[in-house]
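In my numbering, the protein residues as written are 7 to 226.
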């Protein structure tokens, strides 16, 4: 977004220095009924590369209307351009099929089809410099582009969940309508307890404190 502003803002180097973790989902159609009731499970088996497995029917039966089948999304955390990201779809489907069998959820011959979705910049990286870069961007935009409001996970480079990403948009709209900053949306973050409804939601979302990573100092 910063790179699309003409002329290029002074904060462009700070924006370019922000880093992201990318994400691949390999969706496998499995010839078995639902394999577990959860929306997703995290995988800690050291012999596989998959980090999480979604069960799409647990989100909604409409996502897998055939009750005899399951659709599981095997999720791989990666960086754009690395070996996983550049693997072709057939290789990734084969890898996910093997790993689904490795963790014991289904046999390889029970996987009937698959597809691959690559998601760039899924996870903002919290390194020891990111906060300084964000402060630079915020100050530059506030001075030179005050009508431009940053919201959401990628807009604010904050690892908020969906609820809090939406909350930043809702509170920003209230600020715009009021013509003043009623809410500091930068205080809405992923550590807050979230409950739907009313003023209490706003106060809980605004009241949490996000831990900032610091560089580890060598032992004296």
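Every residue gets a Cβ at the ideal spot worked out from N, C-alpha and C, and that includes glycine.
Let me know the secondary structure DSSP gives residue 21 once reduced to three states. Residue numbering aside, residue 21 sits at position 15 when the chain shown is read from its first letter. Residue state, collapsed to three classes: helix.
Would you call residue 162 buried or exposed, if buried means 16 or more other Cβ atoms sit within 10 Å of its Cβ? Against the chain shown, residue 162 aligns to sequence position 156. With 16 or more Cβ atoms within 10 Å of its Cβ, residue 162 is classed as buried.
Let's test the definition: count the other Cβ atoms within 10 Å of the Cβ of residue 138 and tell me whether it reaches 16, buried, or not, exposed. Here residue 138 is taken as the residue at index 132 of the chain shown, counted from 1. Using a 10 angstroms sphere on the CB of residue 138, the tally of other CB atoms stays under 16, which defines it as exposed.
In this structure, does DSSP put residue 42 in helix, strand or coil? Mapped onto the chain shown, residue 42 falls at position 36. Reduced to three states, the DSSP call for residue 42 is coil.
Among 108, 78, 112, 122, which one has its Cα closest to the Cα of residue 96? Walking along the chain shown from the start, residue 96 turns up at place 90. If we check each option's Cα against that of residue 96, 122 comes out closest.
Cut-off 8 Å between Cβ atoms - residues of its own chain near residue 144, not counting five sequence neighbours on either side: As a working note, residue 144 is residue 138 in the chain shown. Excluding sequence neighbours, residue 144 sits near 156, 192.
What's the gap between the Cα of residue 12 and the Cα of residue 154? Against the chain shown, residue 12 aligns to sequence position 6. Against the chain shown, residue 154 aligns to sequence position 148. When the Cα atoms are used, residue 12 and residue 154 turn out to be separated by approximately 14 Å.
Which of helix, strand or coil DSSP assigns to residue 10: Stepping through the chain shown from its first residue, residue 10 is reached at position 4. Helix.
Euclidean distance between Cα positions of residue 101 and residue 77: To locate residue 101, count along the chain shown from 1; it is residue 95. To locate residue 77, count along the chain shown from 1; it is residue 71. Roughly 16 Å separates the two Cα atoms.
Can the beta-carbon of residue 37 be found less than 7 Å from the beta-carbon of residue 63? As a first step, residue 37 must be located in the chain shown, where it is residue number 31. As a first step, residue 63 must be located in the chain shown, where it is residue number 57. One thing to note: residue 37 has its Cβ no nearer than 7 Å to the Cβ of residue 63.
In or out: residue 140 buried (at least 16 other Cβ within 10 Å) or exposed? Sequence index remark: in the chain shown, residue 140 carries index 134 (1-based). Per the 10 Å Cβ criterion, buried.
When 178, 146, 55, 20 are compared against residue 107, the one with the closest alpha-carbon: Here residue 107 refers to the residue found at position 101 of the chain shown. In this structure, 55 is the residue among 178, 146, 55, 20 with its C-alpha nearest to the C-alpha of residue 107.
Answer with buried or exposed for residue 147, where buried requires no fewer than 16 other C-beta atoms within 10 angstroms of its C-beta. By 1-based counting over the chain shown, the position of residue 147 is 141. Label assigned to residue 147: buried.
Residue environment, residue 111, which counts as buried when at least 16 other CB atoms sit within 10 Å: The residue given as residue 111 occupies position 105 in the chain shown. So residue 111 ends up on the buried side.
Less than 8 Å between the CB atoms is what I'm expecting for residue 27 and residue 128, so what's the real figure, rounded? For the purposes of this step, residue 27 is taken as the residue at position 21 of the chain shown. For the purposes of this step, residue 128 is taken as the residue at position 122 of the chain shown. Confirmed, about 6 Å.
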